[in-house]
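Once you know that position 44 of the sequence shown is 46 in the working numbering, the rest is easy, because the numbers rise by one and skip nothing. Idealized CB from N, CA, C, for every residue including glycine.
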Amino acid sequence: MRNEPTILFVEDDPTVRFASTQALELAGRQVRSFASAELVMDHIEPGFPGVLLTDVRLPGIDGLALLERARQIVPDLPVILVTGHGDITMAVEAMRMGAYDFIEKPFSADRLNDVITRALTVRRLSLEVSALRAELNARSRIDARLIGRSASMAGVRRVILNIAPTDADVLIVGETGAGKELVARCLHDYSGRKTRNFVAVACGGTPAAIFDSEMFGHQEGAFVGATHPRIGKLEHASGGTIFLDEIESMTDELQVKLLRVLQERQFERLGSNEVQPMTSRVIAAIQTDSATGNLRNDLYYRLSVVVLKIPPLRERREDIPSLLGHFLLQASYRYERPVPELSADRMNRLMAHAWPGNVRELRNVADRLALGMPTGLEVDGDAPAVPRALDEQMALFERQLIEEALSRSNGRAAAAAELLGVPKKTLYDKMKRLGITNDQNRGGPATESV
């Protein structure tokens, strides 16, 4: 009963109570009726998924007092008041107190059902927003930031947690949109440097003419137009992390300058002879393994103390349902829209898509779905990149169901087994066969998700 959208109806007149209850039930509503406010109070609790419909004039606690008490327990609970002809002024005042709407006696079944429908929609949206806020606030584990139960993503998380506390430089390899900057941020946030700055530098977007000033800073008068001293990216990242994205796009001359700084761990501002220590950790990123051909060998070997490869989305399709669900919740909250339901056919098409834009493309598709717009994938019919055998499709579908149940159960396998209607041993066997892990990773800050 708690999880069903229920109408709590309070009316002391048995004839009106019976007729109104019958009209709502004929419209397919779940109704619980009460003769007094005192009787309904025990059924109003935080998270109640329905609405309260109450007459204003009641014996004992009246409708206005019930409105006040109910909203103290559930501040966003829609309360609809039923008023007599002479109670309109009082009903308007109740609206100012937070009532959702009022219905004047006598009212038709259609009028009652229309108000209830709108109130239930408001309540459903309110609960979805509250659930999303709670989920976003609770996302403090690394598996809640780097979403995915695939073996490849589990391996990425393990490496991050292993090397994050160290000062080792890291080279991240991954396609556009795969989440390289998020991985870099996780390395920073799960380290002792998390209270200092994380500074991202788009190497491909920094003109060579201003590279020295951007990276190392400059003194006043160092060049024409330098009217004020400037702190560079390296100095701003002192004690923290500097992330050099698309480092392969730098010219050979700039690579030489950067290599010297990395080797000596010190630099000078333009126009100054004072040596500044470099205390930041360096994390660099390139798009593919082939991009290393654009890097000087000495710079590559200096950066690649640890090489962390991020798998493209097409190689971890089993992560698509959980990623899409997360992005849909975010988009629905951001645009104040209900979370859309996806048919099995549409999900199969999404699973089969090639995803050249990786996770970034999937996030955009989730935004379009939340806005009720075409995904943009229909232009190519969402044709599978590679035909899949029946057993492989079944495994993907089974994995999707199990991961969804685990997510809804906050990772508790016993509760997930109950949701799926299977014995716990059966669920454990399937998880082992499909390589589904259910580890609880240690905590840390959370603001983004791959």
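Assignment of beta strand (DSSP E) within the segment 217-281, counting only whole runs of 3 or more residues, yields 243-247, 268-270 and 277-279 in chain order.
Taking C-beta atoms as the reference points, G179 and E363 count as a pair closer than 8 Å.
Boundaries of the alpha helix (DSSP H) around K434: K426 to L436. Cα atoms of M217 and G359: separation of roughly 30 Å, rounded to the nearest angstrom. Under the criterion of beta carbons closer than 8 Å, D14 and D57 qualify as touching, at roughly 7 Å. Here D57 is bridged, per DSSP, to V84.
Around the beta carbon of H230, fewer than 16 other beta carbons sit within 10 angstroms, so the residue counts as exposed. Note on geometry: alpha-carbon atoms of A156 and H238 lie some 33 Å from one another.
Closest option to Y337, judged by alpha-carbon separation, among E343, L301 and G374: G374. For Q24, no beta strand (DSSP E) encloses it; the enclosing alpha helix (DSSP H) starts and ends at P16 to L28. Where Q289 is concerned, there is no enclosing beta strand (DSSP E), because DSSP gives it neither an H nor an E. Between L60 and A101, the C-beta gap is not smaller than 8 Å, which leaves the two residues out of contact.
Each residue's CA atom was taken as its position, placing A287 and R71 some 57 Å apart.
C-alpha of R187 to C-alpha of R125: approximately 37 Å in a straight line.
The distance from the Cβ of H45 to that of R31 is about 16 Å, inconsistent with a contact at the 8 Å cut-off.
Runs of beta strand (DSSP E) with 3 or more residues, each lying fully within the segment 302-374, are found at 308-311, listed in chain order. Under the rule that a run must span 4 or more residues, the alpha helix (DSSP H) segments found entirely inside the segment 138-183 read 144-147 and 153-165. Membership of A39 in the alpha helix (DSSP H) is indicated by the continuous run A39 to V42. Within 10 angstroms of the beta-carbon of V258 lie fewer than 16 other beta-carbons, which makes it exposed. Inclusion of R198 and G234 in the CB contact set at 8 Å is not warranted, their separation being larger than that value.
Across the set L189, G423, E106 and A211, the C-alpha of L189 shows the shortest separation from the C-alpha of L163.
Bridge pairing for E106: T85 [DSSP].
The three-state secondary structure of L79, taken from DSSP, is coil. Non-local C-beta neighbours of A37 in its own chain, meaning closer than 6 Å and more than five positions away in sequence, comprise D14, ordered along the chain. Taking each of G49, E95 and K196 in turn and checking the Cα distance to L127, the smallest one comes out for G49. Following the DSSP letters along the chain, one finds L10 inside the beta strand (DSSP E) bounded by residues T8 to V12. Burial is judged here by how many other beta carbons sit within 10 angstroms of a residue's own beta carbon; V226 has fewer than 16 and is exposed.
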